[in-house]
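Participant:
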Amino acid sequence: MMLLLKEILLHCQDQQKLLKNLLEFTTSQYYLGYSHDTSYEECTSIYESGSRTSGVYPIWLKERFQFTYVYCDMDLVSTKKGWTTIQRRMNGEVNFNRGWDDYVRGFGNPSSEHWLGLENIYRLSRQNRFSINILGPINIKLPEVGFDLEDWDGMKAFVQYTNFRLKSKARNYELDVNGLDEAFKNIFSMAPISGFEFSTPDRDNDKNNESHCASKYKSSWWFRYCVETHLNGPYPRYKQPMSRKNIFWGGWQWLNPNNTALHFASIKFYYSRDGL
Ligand SMILES: [Ca+2]
1 MMLLLKEILL HCQDQQKLLK NLLEFTTSQY YLGYSHDTSY EECTSIYESG
51 SRTSGVYPIW LKERFQFTYV YCDMDLVSTK KGWTTIQRRM NGEVNFNRGW
101 DDYVRGFGNP SSEHWLGLEN IYRLSRQNRF SINILGPINI KLPEVGFDLE
151 DWDGMKAFVQ YTNFRLKSKA RNYELDVNGL DEAFKNIFSM APISGFEFST
201 PDRDNDKNNE SHCASKYKSS WWFRYCVETH LNGPYPRYKQ PMSRKNIFWG
251 GWQWLNPNNT ALHFASIKFY YSRDGL
């Protein structure tokens, strides 16, 4: 009897959650003038629809049945237009030294410094789906990813990989990124590190048995034996040298011999239609 009551209670909680999402969805439609039929699932489609101004836009997260807000970069100098921002550092106004729950949920402000949240990033990386035909299997076209970087000397780099995905929460959002652009193969062979789980100051999922990298470096990232790269590290002071104690990208000195710290860092997705 108790088991039955528990099941009924859980069922009611699920229904309540669904109702809440439906209500948020309807409210979003009302305020934004969007409907599910006319909403977009990433910035590439928004750009292609004619919105060519960089800024904050709502996108539809299919698997979560809700909208979220992202910064769409429509200005990037590239043949590929409409990049969906999942992380951005630009002025140090948001504290990135946070625990697991914040990193799963997301924090900051999409118009400024922002972390979209591991669960949202996981869902976004797998929502570009298609089938060969109506009865065929559903395939996922993974997004390309770009790491947009600029140091205090004005040196810039945009490092592209052809595939990005995260594994689920059960696998601690392990990073799987591959297909580094040929132009960067020599100077950026160190970063970022694929195949490792996400760690925060309150969750040690790294491979270093002697240390808790996220706690030691006040950052949350996909660490291996500590710092090969971490774009969520503390924000550096003006003209400070690149340091593992701050936002860090391994191998930067090959691009700028001064090895000056990054004052801007952002991670962006691009959804290719090729092969669809
Ligand atoms: Ca450890």
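Here the sequence shown is numbered in UniProt numbering, starting from 1 and rising by one per residue. For glycine and all other residues, C-beta sits at the position ideal for the given N, C-alpha and C. This one's a predicted model, so the numbers in the text were calculated from it and none came from an experiment.
(1) Rank F269, K268, N232, R244 by C-alpha distance to the C-alpha of E93 and give the top, closest one.
(2) Measure the Cβ-Cβ separation of Q160 and E63 and say whether it is below 8 Å.
(3) CA-CA distance, D206 and M74?
(4) Report the rounded CA-to-CA distance for K245 versus E228, giving the unit in angstroms.
(5) For ligand 1, is there a heavy atom less than 7 Å away from the beta-carbon of S220?
(6) So, does the stretch 207–219 touch the stretch 151–159, judging by three or more C-beta pairs under 8 Å?
(7) Within 10 angstroms of its Cβ, does Q87 collect 16 or more other Cβ (buried), or is it exposed?
(8) Please identify the residue among L149, N172, E150, L180 whose C-alpha is closest to the C-alpha of F164.
(9) Less than 7 Å between the CB of H212 and some heavy atom of ligand 1, yes or no?
(10) Out of E174, H114, W152, state which residue places its alpha-carbon closest to the alpha-carbon of Y122.
(11) Mark K239 as exposed unless 16 or more other C-beta atoms lie within 10 angstroms of its C-beta, in which case mark it buried.
(12) For W115, does the three-state DSSP call read helix, strand or coil?
(13) Please go through the stretch 233–261 and give each complete alpha helix (DSSP H) segment of 4 or more residues, from N-terminal end onward.
(14) In chain order, what residues of the same chain lie with their CB nearer than 6 Å to the CB of K167, ignoring the 5 residues before and after it?
(15) Looking at D202 and G106, is the spacing between their C-beta atoms short of 8 Å?
(16) Nearest by alpha-carbon distance to P236: which of S272, T84, N95 is it?
(17) Got a sec, what are the start and stop residues for the beta strand (DSSP E) D73 sits in?
(18) Give me whichever residues DSSP pairs with E150 in a beta bridge.
Facilitator: Quick look at the numbers:
(1) N232
(2) no
(3) 35 Å
(4) 12 Å
(5) no
(6) At 8 Å Cβ cutoff, the stretches do not touch.
(7) buried
(8) L180
(9) yes
(10) E174
(11) When all chains shown are included, K239 counts as exposed.
(12) strand
(13) If we require 4 residues or more, the stretch 233–261 turns out to have no alpha helix (DSSP H) run fully inside it.
(14) E174
(15) No, they are not a contact pair.
(16) Out of S272, T84, N95, N95 has the C-alpha closest to the C-alpha of P236.
(17) 66–73
(18) DSSP lists K156, F264 as partners of E150.
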